[in-house]
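A short worksheet on the structure shown next.
In our numbering, the protein residues as written are 31 to 168.
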């Protein structure tokens, strides 16, 4: 019974803004200065969708923290994920789409909009798995 809180800002932000597995196609980073080319670096990995298919996973949700409404939804998702852990239902994860204005070279307002207008096209928000109707996780 483990809960993972996965912050997805599409870059390795703490080490200089390099390409991450979740970097969007065409997105410029310090290691992809001309933009991520899917023919060379592959496509962004959608961890929520992948994990939701696995046995033993009880709860997977993707949320964002780019608006007050989305922040409230994120808090609820995190609370539910920890509740799944406390109840012994298995692995749970909340993926949080988060802006990174410094490495994206944008203002905070531009970054919040970019999460909504670009990131959610590749990483749609929502619940991908929830076994609360079942007695135990598969």
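Glycine included, each C-beta is placed from N, C-alpha and C at the ideal position.
Check	Outcome
For residue 71, the residue or residues it bridges with in DSSP	DSSP lists no partner for residue 71.
Nearest-angstrom Cα separation, counted from residue 156 out to residue 145	14 Å
Coil, strand or helix - residue 125 by DSSP	strand
Alpha-carbon spacing of residue 47 relative to residue 98, whole angstroms	26 Å
For residue 36, three-class secondary structure by DSSP	strand
Span separating the alpha-carbon of residue 85 from that of residue 92	19 Å
Where the beta strand (DSSP E) through residue 158 begins and ends	156-160
Residue 92 in three-state terms, based on DSSP	strand
Burial state of residue 102 (16 or more Cβ within 10 Å)	exposed
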